[in-house]
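In this note's numbering, the protein residues as written are 1 to 148.
Below you can see the structure in the form of structure tokens.
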């Protein structure tokens, strides 16, 4: 398993933990957020334990976040004024631009997570740097490091 895959697992674990922490501290939180936070926490923990189901949960969560982010980006111009009125404006930008930029950053982060997980599938986790030393598949040799 690559270090980037572990970093992605820790990232999703942190995101899910922050959402649950906010929900447990009496912040209004929809049930769907708590559900997805639970999936993020489970996926992160299971992936850190090198279980395929963790990889599957997090690659699905990354793809879902990309698609949901694209839909959110499309809807930013149509958000009602009462929602925008209380939204913060970053660095003097209008709240709509701040929302659009934060959604775009979320889409990029989800995309990088998806690409990182896609390029490190569970079938490659036993291999270090592509293939283990002392392997010759053509001769039918066992692919494991030799012990002396």
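Cβ atoms here follow ideal geometry from the backbone N, Cα and C, with glycine treated the same way.
Over the uninterrupted alpha helix (DSSP H) stretch that includes residue 112, give me the two end residues.
95 to 118 is the span of the alpha helix (DSSP H), which, as asked, contains residue 112.
Please report the distance separating the alpha-carbon of residue 43 from that of residue 101.
Straight-line Cα distance between these residues: approximately 27 Å.
Per DSSP, what kind of secondary structure is residue 40 in: helix, strand or coil?
Note: residue 40 maps to helix in three-state DSSP.
Using beta-carbon positions only, say whether residue 12 and residue 58 come within less than 8 Å of one another.
It is a contact, given that the beta carbons lie within the stated cut-off.
Using the three-state DSSP reduction, which class does residue 68 fall into: helix, strand or coil?
Here residue 68 sits in helix by DSSP.
Between 79, 114 and 31, which lies nearest to residue 99 when the distance is taken from Cα to Cα?
Considering only alpha carbons, the answer is 79.
Measuring CB atoms only, is the region 54 to 73 touching the region 24 to 43, in the sense that at least three cross pairs come out at less than 8 Å?
The region 54 to 73 vs the region 24 to 43: in contact.
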